[in-house]
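Have a look at the structure below before the remarks.
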Amino acid sequence: MGPNVTRSQKRAAAKKFDQDTNEVTLVQNAIGSSGVAFLEFNKDKTVILGAAYAQGTIDVWDVSASDGSLKLLKQIAAGGTPGPDQPRQASPHPHQALLDPSGRYFLVNDLGTDSIIVIDSEADYSIINRIAVTPAGNGPRHGAYYPPGADKATHYFLASEIASLVTAFELTYTDDGTGISLAQLQSLSSYGEDSPPANATSASAGELVITSDGKHLYVSNRLSGNETDSISHFSIDIDADEPLTFVDQISSGGLVPRDFSLSTDETVLFSTNQDGELGLVAFTRDAETGSLAEKPAASVTRDVFGAPSYGPQYVREVGEVGSNS
2 MGPNVTRSQK
12 RAAAKKFDQD
22 TNEVTLVQNA
32 IGSSGVAFLE
42 FNKDKTVILG
52 AAYAQGTIDV
62 WDVSASDGSL
72 KLLKQIAAGG
82 TPGPDQPRQA
92 SPHPHQALLD
102 PSGRYFLVND
112 LGTDSIIVID
122 SEADYSIINR
132 IAVTPAGNGP
142 RHGAYYPPGA
152 DKATHYFLAS
162 EIASLVTAFE
172 LTYTDDGTGI
182 SLAQLQSLSS
192 YGEDSPPANA
202 TSASAGELVI
212 TSDGKHLYVS
222 NRLSGNETDS
232 ISHFSIDIDA
242 DEPLTFVDQI
252 SSGGLVPRDF
262 SLSTDETVLF
272 STNQDGELGL
282 VAFTRDAETG
292 SLAEKPAASV
302 TRDVFGAPSY
312 GPQYVREVGE
322 VGSNS
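Taking this note's numbering, the leading residue of the sequence shown gets 2, the next gets one more, and so forth.
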């Protein structure tokens, strides 16, 4: 078990998990940037990058010690020009750092500057490129490389929080010192054309997941102003000029589905809801069409987890294989 962070504080904690006793013990509390929203290992799991949304920095931690302790190597200022949506884009807000399939580069989605930052692990974890994402005010949040499981990526898909957009990019590895370049191919509303949010101002895209066969993409929609929020389904045809097609959308069973994930066999999608009626929901998934059942196969009401707005924010199947973070 590795580090975790407290988003409202500058604290990173290293913890150890005993699989025999199911006990978690604290190894160390360390001080880093405030408001870290995402952690990502390097290829050999000796370094972790932390995207600090609140402070506008990316922390680089050495986690190679045999006792599991942390050492802060550097704090990278995200920099860049803030976007037009004030106050949400008043400063840089790195939201996620993702290691590319080659194991060398990290793409950091910066909600505050409408950009994707490229960090090179072989250049002392330095910023070597910044890629603008349009339109202005879109607010990059979470992404995924394509094709799943490959040694190198050919495409990158992005969920932009502020504008509720899903964007497809062609990804190219360069030899000019910029590491990775992205060519924007297509942007679609995360709601599709026929199901717009009741409140487009507050609506915020959340998580984005691609199936292992590379044929389907899902994105969560939060703060829509609708009776419940939703999860949208897109098909992927990577050979098309515009690879994404909106397919359908289902209710998340509650409000603010910050996170969701697929079961290991991808027959079930698990979703969280921070508010509303249902806090944790399981939807069966048709392997052929990719569509999700509208009625949950199982659920836990939000009040089981605590007060309103304090429903779960993260869900994974126990024993899930393949996550690097």
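Here a beta-carbon is modelled for each residue, glycine too, at the ideal position from N, C-alpha and C.
> Using the C-alpha atoms, what's the distance from Lys44 back to Tyr157?
Replying inline: Translated into the one-based positions of the sequence shown, residue 157 becomes position 156. Translated into the one-based positions of the sequence shown, residue 44 becomes position 43. Each residue's alpha carbon lies about 19 angstroms from the other.
> Using the beta-carbon count (16 or more within 10 Å), is Asn23 buried or exposed?
Replying inline: Counting from 1 along the sequence shown, the entry for residue 23 is found at position 22. So Asn23 counts as exposed.
> Just how far apart, CA to CA, sit Pro309 and Ala38?
Replying inline: By one-based count along the sequence shown, residue 309 stands at place 308. By one-based count along the sequence shown, residue 38 stands at place 37. Spanning the two alpha carbons is a distance of roughly 21 angstroms.
> What are the uninterrupted segments assigned as beta strand (DSSP E) that are 3 or more residues long and contained completely in the region 45 to 106, given in chain order?
Replying inline: 48 to 53, 58 to 63, 72 to 78 and 95 to 100
>> If contacts are defined as beta-carbon pairs under 8 angstroms, then Ile59 and Val109 qualify, I think. What distance do you get, rounded to the angstrom?
In response: Here residue 59 corresponds to residue number 58 of the sequence shown, with the count starting at 1. Here residue 109 corresponds to residue number 108 of the sequence shown, with the count starting at 1. Between Val109 and Ile59 the Cβ distance is about 6 angstroms, and since that is below 8 angstroms, they are a contact.
> So Ile132 and Ser122 are in contact, right, with Cβ under 8 angstroms, and what is the actual spacing, rounded?
Replying inline: To locate residue 132, count along the sequence shown from 1; it is residue 131. To locate residue 122, count along the sequence shown from 1; it is residue 121. Going by Cβ atoms, the distance from Ile132 to Ser122 rounds to 18 angstroms, so no, they are not a contact pair.
>> Comparing C-alpha positions only, which one of Ser34, Phe170 and Ala145 sits nearest to Ser262?
In response: What you label residue 262 is simply residue 261 of the sequence shown in a count that begins at 1. Nearest C-alpha to Ser262: Ala145.
> Between the C-alpha atoms of Asn325 and Gln97, what's the straight-line distance to the nearest angstrom?
Replying inline: The count along the sequence shown starts at 1 and reaches residue 325 at position 324. The count along the sequence shown starts at 1 and reaches residue 97 at position 96. Since pLDDT at Asn325 reaches only 38, below the 50 mark, its modelled position is unreliable, and no value is offered.
> Taking 8 angstroms as the CB-CB limit, is Pro149 close to chain D?
Replying inline: The structure shown contains no chain D; it is built from a single protein chain.
>> Just to check my reading of the structure: Leu1 and Ala151 have Cβ atoms closer than 8 angstroms, yes? What is that Cβ distance to the nearest angstrom?
In response: Because the chain spans 2 through 326 in this model, residue 1 falls outside it and cannot be assessed.
>> My assumption, with CB atoms under 8 angstroms, is that Gln76 sits in contact with Ser34. Please give the rounded CB distance.
In response: Within the sequence shown, the letter at position 75 stands for residue 76. Within the sequence shown, the letter at position 33 stands for residue 34. Contact flag correct, Cβ pair sits at about 6 angstroms.
> Whole-angstrom Cβ separation of Ile376 and Leu224, contact assumed at under 8 angstroms?
Replying inline: Outside the displayed span of the chain (2 to 326) sits residue 376, for which this structure offers no information.
> Are there 16 or more other CB atoms within 10 angstroms of the CB of Phe42, so buried, or fewer, so exposed?
Replying inline: What you label residue 42 is simply residue 41 of the sequence shown in a count that begins at 1. Under this definition Phe42 is a buried residue.
>> Whether or not the region 254 to 271 and the region 166 to 180 are in contact is what I'm after, with contact meaning three or more pairs of Cβ atoms, one per stretch, closer than 8 angstroms; do they touch?
In response: no
> So what does DSSP say about Val134, is it helix, strand or coil?
Replying inline: Stepping through the sequence shown from its first residue, residue 134 is reached at position 133. Coil at Val134, not helix or strand.
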